[in-house]
Amino acid sequence: MNVTAPIGEREFKIVGKSVKRDDVLEKVTGEAEYTGDVKLPGMLHGKIKRAAIAHARIKSIDVSKALAYPGVKAVLTHENVPRVLHYGSPHPRSASCTKDQYILDDKVRFWGEGVAAVAAISEEIADEALDLIEVEYEPLPAVFEPEDAAQPGAPLIHNVGPGGNLVLDPVRVNRGNIDAGFAQADFVLEGTFSGGRPHPAYMEPNVCIADWDGSNKLTFWTSTQTAFMVRGILAEVLGLPLTKVRVLVDHMGGGFGAKQDCFQHEFLCALLAKETRRPVKMEFTRHETFVAGRSRHPCRVWLKQGFKNDGTLVARDMKLVYDSGAYGSHGPGVTIVGTNAATSLYRCENVRLEGRCVYTNTPINGAFRGYGVVQSYYALDIQMDEAAERLGMDPAELKLKNVVRAGDIAPSGHPILGHGLEICLQHGIDVLDWKKLRNRDRTPDPKHPHISKGWGIGCEMHGSSAYPGIKEQGNATVKVNEDGTVTLLTGAAGLGTGAHTALAQIVAEELGVRFEEVGIIHGDTDVVPWDIGAFASHTTYLVGTAAKMAATKVRGAVLERAAMKLQVTPGEIDLSEGRIFVTAEPGRFMTVAEAMGPSRGIPATNIVANGTYEPTKSYSFAAHFTEVDVDTETGIVEVKRVIPVHDIGRVIHPIAAQGQIEGGIQQGIGHTLTEDYIIDKKTGRSLNAGLVDYKMPLSMDMPDIETIILEAAPDPGGPWGAKGVGEDPIIAIGPAIANAIHDAIGVRFHHYPITPEDILKALREKGA
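My numbering puts the first residue of the sequence shown at 373, with every later residue one more than the last.
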């Protein structure tokens, strides 16, 4: 890994160092406690009966046999749970988001939707009881494709929203004059693109535990990225004040955005616990994480762009249709973000965009890394390569000519800061000697004549924060204890990314103490400050800045206390590496512990300060240079080498940043070549809901990755210019692979995943 072009002259003691993460040892030894590891006395196990039909009315439901089954303690149906509509997402990204879900309903909208829930003394008994619940359905016509669902007279899935099967009103964005733009063009390209339904397939299945005490307070353990949002929506739906709901989440085994929702099983778990007056645990099987979890939105994109003969992009017309599945979840947010994103990446003054999101009778699609942007940038980037081919230009040259730069308007409506994307692209061109690669000898290796090699480039930009869709707020509390150690209290979730380590580094750096002296308290909504949740690549940018602000305040208070003891003014002393010293006499000092402890009639104390930060928008940038081998006999594509060049501003923890980039690339390779959660288009049934049939790339499938991180375009909104990195790397790798395949075999693909069957079919058609 390379980290280049440091910002400014400041010498950092802790920031920029790959310090040891506190959670590593307990995770390696198995001591780390995840929600599924929690065991409570008398705990029952909950299970959900799922519909084996995609669209139907429930005519009757008989639970008498299940209730009579030995070991069963409670059964819930739509007839005995609160009938309260709630948001599919606990933090809707738009006022257009509709409340479209009940805890349980008398209508089924997708194959696998929960229709009843059981609590029993064991998982086995709960499973057996599910078979005893008798449900009579009245089948309804179903639609499984957005095109069919959008037709006049299509079966109506909901009676909420703007009408028909639209989740929200169409999102429309216009800039400049689209007709004048196309009139300037020397040629126009038009194409249709599509993306499948990749699933996040996080290691830890969805799981929660509910327990009520005698004062009617709910304590709720769950694997979620948004603990406070879960607390809020549980309180709303269950009719409780916030003080009566406590949400706990310690370690998480991944989420990738999909664990932002408040899920059906979480409501049912709380209600079963209340009904039985015993703690209840509900944990998904791997099959259920697919059927009842969240996937990326399948999307169809129509894209028309006009170019001048010198490569200038003068007009862009785009229509996007996202498949929301049976409920809204993050459909509105994904549509708004993905549509607005298409105003940018490659500069264009004349833009007309329309994004639609449609209900279908398929499993729910939700938030996923690269939120809405993976789909739109896949189309943009591939069509840029097509334009370069039409012009006889190097695609790197065309992209470099058109990439957004400082002052261009970002999708958020803000001017872009710095030339991050241009610098990333140029850096990769220089490092690889790209022109030499393009003009390489393409004679096949005589030992492997069926292997064709190709190189491709993909570009991306992604925001750190969800502004303006959500006006976020980051909060942090920093306390200096009486022994000089420091405690950071944060509501930010730890998904396994090392975010808490980065926050501790920021506090230690700003306060002037050793990293090892900063402890973290997190994951308890009764204790830590409110947090909006871990999403939108904003934890370091948003919560990191709040933590830095709080650390600045306590640093000032510590110096004031030390000044009294040293009998100087606060302006005459400084704090570094745990030592408070007189700047004019460095040998005259005291430790932070001595400053906080008792002396000369001054009692020991601790100092507490809060930081609150409301950001606007920051953008990170990347260019991925990718080499592939295409086997023309089998159709198998092997990604051989990736050089990802990222601008993420100030790097707080280099190894963690590198891990985010490599992990995103692995997911992106899967999305582009093998991963697709397949739904039968006749019945709505899931066909590969499990890790045997859902093909993810494994460690042995990974290419050589040579990560380059540039501190090229810092954003003053983040701590010392830091920006986000969580979502970025999954975006650029897809079009880079697709463009590399074209470079290898001369065939252009407009969809993902690109399967071996697709390769062989295209080669046959090309040969014919």
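Beta carbons are placed, not taken as given, at the ideal position from N, Cα and C, and that holds for glycine.
In the DSSP output, what is residue i paired with across the bridge?
i	result
C729	Y694
S836	S990
G678	V560, A687
A492	H417, V444
Q473	H458
F997	I829, I1015
T594	C580
M962	I952
A981	V850
L947	I952
I433	V507
N546	R724
L538	G535, V730
Is the Cβ-Cβ distance between residue i and residue j less than 7 Å?
i	j	result
G700	V539	yes
A906	L875	no
A582	C641	yes
D1130	A1084	no
V954	V940	yes
G625	E660	no
A501	Y441	yes
P1091	T911	no
F482	T734	yes
A782	G790	no
I550	R724	yes
K989	S784	yes
V1097	Q1032	yes
A698	I754	no
Q632	A739	yes
A491	T648	yes
G1035	M1068	no
P1086	G1021	yes
So which of the options has the shortest CA-CA distance to residue i?
i	options	result
A522	D695, R547, T648, K773	D695
V980	A848, F559, T897, K1012	A848
H921	E881, Y574, P942	The sequence given here has Met at residue 921, not His. Taking only the C-alpha atoms, the option nearest M921 is E881.
I893	D395, M756, R382	D395
T470	G533, G1031, P511	G533
I1008	H637, S824, G828	S824
G800	A782, I1109, L772	L772
F997	E1010, P1016, G983	P1016
I904	V487, A557, T596	T596
N374	C796, N982, N811, P1086	C796
V453	L883, H1123, M756, V487	V487
T924	V852, E957, L439	V852
L614	V899, P767, D499, T711	V899
L809	P975, D520, E844, A1116	A1116
I1077	G1042, T732, V1011	V1011
G710	D757, V850, P542	P542
K1054	T732, P670, R618, E510	T732
Q798	A976, V775, D780	V775
C580	A994, R814, A645, R1120	A645
Roughly how far, in whole angstroms, is the beta-carbon of residue i from the beta-carbon of residue j, given that I think they are within contact range, below 8 Å?
i	j	result
I433	I505	7 Å
C729	P704	7 Å
A759	F679	5 Å
L416	I493	6 Å
T1044	I1105	7 Å
V391	A428	So it is not a contact: roughly 55 Å between Cβ atoms.
G950	E889	7 Å
I1113	G826	6 Å
Y1049	P570	7 Å
T862	A1028	Rounded, the Cβ-Cβ distance is 16 Å, inconsistent with contact.
W674	K691	5 Å
Y474	L457	6 Å
Q1038	R741	With 8 Å as the limit, Q1038 and R741 do not qualify as a contact, their Cβ atoms being about 11 Å apart.
N982	P901	7 Å
Could one say the Cβ of residue i lies closer than 7 Å to chain B's Cβ atoms, at least one of them?
i	result
D472	Of the protein chains in the structure, only one exists, and it is not chain B.
Can you list, in chain order, the stretches of the beta strand (DSSP E) that have 3 or more residues and sit fully within the region 627-670? 652-655
For the region 851-939, list the alpha helix (DSSP H) runs that are entirely contained and at least 4 residues long, ordered along the chain. 871-883, 916-938
Taking the runs of the alpha helix (DSSP H) that are 4 residues or longer, which of them lie wholly in the region 752-828? 767-774, 792-804, 806-810
Complete beta strand (DSSP E) runs within the region 1051-1123 (minimum length 3 residues, chain order): 1080-1082
List, from N- to C-terminal side, the beta strand (DSSP E) runs of 3 residues or more that fit wholly inside the region 495-529. 506-511
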